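Structure first, then comments.
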Amino acid sequence: MVYRTPQEKMLIVHTHKYFLAEAQQRLDPLGRAVRERVAKSVVILESMVTCVLAAYNVHGEEAFAVPPAKRGSPPRSEVENSREFIIGHL
7 MVYRTPQEKM
17 LIVHTHKYFL
27 AEAQQRLDPL
37 GRAVRERVAK
47 SVVILESMVT
57 CVLAAYNVHG
67 EEAFAVPPAK
77 RGSPPRSEVE
87 NSREFIIGHL
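For what it's worth, our numbering labels the leading residue of the sequence shown as 7, then goes sequentially.
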């Protein structure tokens, strides 16, 4: 399974909204299904469109929130400090 970034998932949602608005105004001369049009325009499977929209409908934009970037160096291990203490007192 291919992992999609939150930005890619939001692109799928916005593309679906666009094609849905077109379908409601009957602007598609071929009368294709909205999910089929989204899948072809974004070059993904229709099942992926279905999964992304299902998650969006249940959780909204929180489902695709980007976690804050981790900055700085990771915390040092307490074991490392103990090792230096023991070696210093030998």
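Cβ atoms here follow ideal geometry from the backbone N, Cα and C, with glycine treated the same way. Computed from a predicted structure; not experimentally measured.
Within 8 Å, strictly: CB atoms of residue i and residue j
i	j	result
Phe70	Arg43	no
His20	Val55	no
Leu17	Val48	yes
Glu28	Arg41	no
Distance between beta carbons of residue j and residue i, contact taken as under 8 Å
i	j	result
Pro12	Val64	The Cβ separation is near 15 Å, so there is no contact.
Where the alpha helix (DSSP H) through residue i begins and ends
i	result
Lys15	12-30
Leu59	52-65
Glu42	40-48
CA nearest to the CA of residue i, picked from the options
i	options	result
Ala45	Pro35, Glu14, Arg32, Gly66	Glu14
Arg10	Val58, Leu33, Gly78	Val58
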